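Residue numbers for the sequence shown follow my numbering, so the first one is 1 and each next one is one higher.
The structure appears right after this line, and notes come after that.
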Amino acid sequence: MTSAVTEQEAIALAKQAALAEGWAWVEPAQAALHRSWRGKGGRWVVFSNARGLGAKARVVIDAASGAVLEKGYVPR
């Protein structure tokens, strides 16, 4: 199964979602694709500030539609 949303698109969508919430977005960002057990669909889990502590946004993106499924932020 190939994802309709690429890794770079998932990161861009996550960044948009975080900035819309007023959260800091610190590079580098890291995205991991988690596929469904049934082989259909999947989710991108994207973190900002992947190598640091704090100022970390976590956004979950639907791999097929690009919809934001979950989001959260740790300020420090």
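Beta carbons are placed, not taken as given, at the ideal position from N, Cα and C, and that holds for glycine.
Given the structure is predicted, the values throughout are model-derived calculations rather than measurements.
* Asked: Going straight from the alpha carbon of Ala12 to that of Phe47, what length do you get?
  -> If I take the Cα positions, the gap works out to 11 Å.
* Asked: Whose CA, out of Ala50, Ala64, Ser65, Ile61, lies closest to the CA of Val74?
  -> Nearest option by C-alpha distance: Ala50.
* **Where Leu13 sits in the DSSP three-state scheme** => Leu13 falls in the helix class under three-state DSSP.
* What are the boundary residues of the beta strand (DSSP E) that Ala67 is part of? -> For Ala67, no beta strand (DSSP E) encloses it, and the DSSP letter there is neither H nor E.
* Extent of the continuous beta strand (DSSP E) run through Leu33 -> Residues 30-35.
* Is the beta carbon of Ala17 sitting closer than 9 Å to the one on Lys56? -> Against a cut-off of 9 Å, the Cβ pair of Lys56 and Ala17 comes out as no contact.
* Asked: Thinking C-alpha only, which one of Gln8, Glu9, Gly66, Lys15 is nearest Arg58?
  -> Measuring from the Cα of Arg58, the nearest candidate turns out to be Lys15.
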